[in-house]
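So the working numbering is basically just the index in the first sequence, starting at one, shifted up by 5.
We put the CB at the ideal spot given by N, CA and C, even for glycine.
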Amino acid sequence: MSVQTPSSPERGDFIREIVAADLREGRHQTVVTRFPPEPNGYLHVGHAKSICLNFGIARECGGRCHLRFDDTNPTKEEQEYIDAIEADLRWLGFDWGEHLYYASDYFEQLYEWAVHLVRTGKAYVDDLTADEIREHRGTFTEPGRESPWRDRPADESLDLFERMRAGEFPDGARVLRARIDMASANINLRDPVVYRILHAEHPRTGDAWCVYPTYDFAHGQSDAIEGITHSICTLEFEDHRPLYDWLIDNLPVPSRPHQYEFARLNLTHTVLSKRILLRLVNEGHVRGWDDPRMPTMSGLRRRGFPAEGIRDFVTMVGVAKADNVVEVGMLEHSVRNVLNRTAPRRFAVLDPLKVVVENYPEGQVEEMEVPNNPEDPSAGSRRVSFTQELWIERDDFMEEPVRKFFRLAPGREVRLRSAYFVTCREVVKDAAGRVVELRCRYDPDTRGGDAPDGRRPKATLHWVSAAHAVPAEVRLYDYLFRSPYPGADGRDLFEDLNPDSETVLRGCLVEPSLAGLAAGETVQFERLGYFCPDPDSAPGTLVFNRTLTLRDTWAKLQAQGRHDTA
RNA sequence: UGGGGCGUAGCCAAGUGGUAAGGCACCGGGUUUUGGUCCCGGCAUCCGGAGGUUCGAAUCCUCCCGCCCCAGCCA
């Protein structure tokens, strides 16, 4: 057990407390939330926080959570994104049953409500240009000025609004504005635009419309139509709540939703802005939306992060209203925690060094029994072939071992995991002086990895049989951005891109069972980290992505040593 | 500058007048056929600052400081 799960709604974050109180005090019989993505990009970990919050609350309270696409801007939205978002949500582990909606489902109703606003004198068609509207809006310190069209007769606005819908005017020619208060200290209340003309093909409604409601006009009303009780969004919409409430108050909507705001998730070494993610993709800095370095759901999936790890992470960071930048190490912790429990162990050598066991019979093959997961006996074991010629990790040998290095070295004995103890007798080098082979001797009495006399080597190494190993390409990943705060201190974000975020290793050798690994299955390469097959794998060419390394105190010691001598 | 928010350890985050939870990170120590996992211990005399109220304040009051968001016909 690991991550503390909020046991009951009462003991959760401030939003869960509000929900619990609403239920307890009878303001609602049931809870209805919604996750409202705009289909203009892929989902990322930031969204995971909102998803887990909305779907989580519904689940905990026996309520329901709707999936509603906020598709009010056809110039930016695409079907590709709708499909990807649904797939990502399912993968994360959530289900909306019958409750799949689109703001565009409500375009007719929304239009009628806009007409209602005009009829009641609460909205008008404005002929000002976008620039003029901006000039009239005023500033933080000066009130806005009323548009000359503000008091135009309702009938005239009605006629114009109908003609806007009929397509008589070009984009931007006129807008419908709510008639609220041009002197309000809250700029959102200075006669906000609620409908604009957009002659654009909509992924759902095609060319049925050429006027589209703005976010402010569509969101709350869609909530009301669906009977949403708690409309949960991020902090930047706090200023919009008075407008949200004003519209609900002034329209004959069927229910009364309330908006609550929480602080969005930020991560070190990461950018969670759909605009920037789009640029990373379009400008070729990554392999695509699902590049394993991307913080997108599809990227994390391709990287091998289990959905459970992402969910654990989200509950670990909590929900509050303070701006935050969570250390990406927390996400990594949650992921390792799940993988340690679930990932089958395998042998793989990334940077091979040949070992010849001189006293082992040439041509002999032994099937060594190797546990699949010491954390989980029910995972069973597998057989791995042992032969005279083996490959070990180059990093596991040092001709002149430094202090605290207790792996293989001349004259030193180590254990080959689940096989035998071997002692290095001779180092073979090429003309350039590079170590190319180790001549070793094994102790036949240590079969399986235990010595009858109780000898315990300081190190245990992984290995693969040269005669059986399968070649593979392995892609190592590091942070996409080298700075914990990309773009901080006025830097261009792209200057912070890590040039070494991907390292491709080609001569890797892995145990044969890895050749049949299915996509989406993350395994542990013993002593190295977690890895999963990449979709780029083809018959004959295995490609693995490194999900994460194992925690590595030896590497840490070395790094510290470097600093001491530097 | 007007409005809206937020400041508890390096990072997240509980705490709602009774004497600072928990997690991540970090630092020790133990176990270990992964330098992994696991286990044990350490890590805020103090809650942005200064005053005040109170027997008692992170919690209440006053003033000050800092950070974030808002002037799209984006969401």
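Decide if F145 is buried, meaning its Cβ has at least 16 other Cβ atoms within 10 Å, or exposed. Locating residue 145 in the first sequence gives position 140, counting from the first residue. Classification of F145: exposed, given that the 10 Å Cβ count is below 16.
I'd like to check one pair, G172 with H204: are the Cβ atoms closer than 9 angstroms? Against the first sequence, residue 204 aligns to sequence position 199. Against the first sequence, residue 172 aligns to sequence position 167. Their beta carbons are under 9 angstroms apart, which means H204 touches G172 by this criterion.
Let me make sure I understand the geometry here. Which of G61, L58, G17 and T77 has the alpha-carbon closest to that of P44? The residue given as residue 44 occupies position 39 in the first sequence. For the residues G61, L58, G17 and T77, the minimum Cα distance to P44 belongs to T77.
Among all the DSSP beta bridges, which residues are the ones paired with S390? As a first step, residue 390 must be located in the first sequence, where it is residue number 385. Note: S390 sits in a beta bridge opposite E372.
If you follow the beta strand (DSSP E) that P476 is in, where does it begin and where does it stop? Stepping through the first sequence from its first residue, residue 476 is reached at position 471. Where P476 is concerned, the enclosing beta strand (DSSP E) stretches over V475 to Y482.
Please tell me whether D557 and R480 are closer than 9 angstroms, where the distance is taken between their beta carbons. Taking the first residue of the first sequence as 1, we reach residue 557 at position 552. Taking the first residue of the first sequence as 1, we reach residue 480 at position 475. No, they are not a contact pair.
Assigned exposure category for T301 - 16 Cβ within 10 Å defines buried: For the purposes of this step, residue 301 is taken as the residue at position 296 of the first sequence. Buried is the call here.
Is the beta carbon of L395 sitting closer than 9 angstroms to the one on V362? Counted from its first residue, the first sequence places residue 395 at position 390. Counted from its first residue, the first sequence places residue 362 at position 357. Contact: yes.
How would you label D296, buried or exposed, when you count the other beta carbons within 10 angstroms and need 16 or more for buried? By one-based count along the first sequence, residue 296 stands at place 291. Per the 10 Å Cβ criterion, buried.
For the candidate residues P257, L305, T273 and D176, whose alpha-carbon lies nearest to that of A493? Indexing the first sequence from 1 puts residue 493 at position 488. A493 has its Cα closest to that of T273, out of P257, L305, T273 and D176.
Going by DSSP in three states, F410 sits in which element: helix, strand or coil? Within the first sequence, the letter at position 405 stands for residue 410. If DSSP states are grouped into helix, strand and coil, F410 belongs with coil.
Whole-angstrom Cβ separation of E531 and R306, contact assumed at under 8 angstroms? On the first sequence, residue 531 is found 526 positions in, with the first residue counted as 1. On the first sequence, residue 306 is found 301 positions in, with the first residue counted as 1. Between R306 and E531 the Cβ distance is about 24 angstroms, and since that is not below 8 angstroms, they are no contact.
As assigned by DSSP and simplified to three states, the class of N574: Within the shown structure, residues of the chain are numbered from 6 to 571, placing residue 574 beyond reach of any answer.
Can you find at least 3 beta carbon pairs, one from the region 106-114 and one from the region 207-221, that sit closer than 8 angstroms? yes
Buried or exposed, going by whether 16 or more other CB atoms sit within 10 Å of the CB of A523? Position 518 of the first sequence holds residue 523. Exposed is the call here.
On a Cα-Cα basis, can you pick out the residue from I87, S390 and I23 that is closest to R422? Position 417 of the first sequence holds residue 422. It is S390 whose Cα lies nearest to the Cα of R422.
Hey, could you find the ends of the alpha helix (DSSP H) N486 is sitting in? Position 481 of the first sequence holds residue 486. The sequence given here has Phe at residue 486, not Asn. No alpha helix (DSSP H) holds F486; DSSP gives it neither H nor E.
According to DSSP, residues forming a beta bridge with H263: Start at 1 with the first residue of the first sequence, and residue 263 comes out as number 258. Looking at the DSSP assignment, H263 forms a beta bridge with H235.
Simplified DSSP state of Q226, which is helix, strand or coil: As a first step, residue 226 is located in the first sequence; it is residue number 221 there, counting from the start. Three-state result, Q226: helix.
Checking 9 angstroms against the spacing of the C-beta atoms, do A229 and P259 come in under that value? Position 224 of the first sequence, counted from the start, is the residue given in the question as residue 229. Position 254 of the first sequence, counted from the start, is the residue given in the question as residue 259. Yes, they are a contact pair.
Would you please state the rounded distance, in angstroms, between the beta carbons of Y482 and E507? I believe it to be under 8 angstroms. Walking along the first sequence from the start, residue 482 turns up at place 477. Walking along the first sequence from the start, residue 507 turns up at place 502. Right, their Cβ atoms sit about 6 angstroms apart.
Return yes when the Cβ of T35 is within less than 9 angstroms of the Cβ of T234, no when it is not. Counting from one through the first sequence, the residue named residue 234 turns up at place 229. Counting from one through the first sequence, the residue named residue 35 turns up at place 30. Yes, these two residues count as a Cβ contact at 9 angstroms.
Kindly provide the ranges of any alpha helix (DSSP H) runs that are 4 or more residues long and lie completely inside the region 56-137, ordered along the chain. 84-97 and 112-124
Please report the residue range of the beta strand (DSSP E) in which R511 lies. As a first step, residue 511 is located in the first sequence; it is residue number 506 there, counting from the start. E507 to V515 is the extent of the beta strand (DSSP E) around R511.
Distance between C537 and L514 (C-alpha atoms, nearest Å): By 1-based counting over the first sequence, the position of residue 514 is 509. By 1-based counting over the first sequence, the position of residue 537 is 532. Cα to Cα, L514 sits roughly 15 angstroms from C537.
Member of Q393, G177, A25 and R487 whose CA lies at the smallest distance from the CA of C66: Taking the first sequence and counting its residues from 1, one reaches residue 66 at position 61. The option with the nearest alpha carbon to C66 is A25.
DSSP on S470, reduced to helix/strand/coil? Position 465 of the first sequence, counted from the start, is the residue given in the question as residue 470. Three-state result, S470: strand.
What does the alpha-carbon distance come out to for the pair E431 and E380? Residue 431 sits at position 426 when you count from the first residue of the first sequence. Residue 380 sits at position 375 when you count from the first residue of the first sequence. Roughly 37 angstroms separates the two Cα atoms.
V330 burial status per 10 Å Cβ neighbour count (16 or more: buried): What you label residue 330 is simply residue 325 of the first sequence in a count that begins at 1. The residue in question, V330, is exposed, as its Cβ has fewer than 16 Cβ neighbours within 10 Å.
In angstroms, rounded to a whole number, what distance separates the CA positions of R487 and A471? The residue given as residue 487 occupies position 482 in the first sequence. The residue given as residue 471 occupies position 466 in the first sequence. In a straight line, the C-alpha of R487 is about 37 angstroms away from that of A471.
Euclidean distance between Cα positions of L443 and P476: Position 438 of the first sequence holds residue 443. Position 471 of the first sequence holds residue 476. Computed Cα separation, rounded: 21 angstroms.
Helix, strand or coil: how does DSSP classify L270 here? Counting from 1 along the first sequence, the entry for residue 270 is found at position 265. L270: coil per DSSP, three-state reduction.
Just verifying my parser: in three-state terms, what is the DSSP assignment at R182? For the purposes of this step, residue 182 is taken as residue 177 along the first sequence, with counting starting at 1. Here R182 sits in strand by DSSP.
DSSP three-state call for R439: helix, strand or coil? Residue mapping note: residue 439 aligns to position 434 of the first sequence, counting from 1. It is coil, neither helix nor strand.
P538 - partner residues in DSSP beta bridges: Here the question's residue 538 lines up with position 533 in the first sequence. According to DSSP, P538 bridges with F549.
With R307 as the anchor, note down where its alpha helix (DSSP H) starts and where it stops. Translated into the one-based positions of the first sequence, residue 307 becomes position 302. M302 to R308 is the span of the alpha helix (DSSP H), which, as asked, contains R307.
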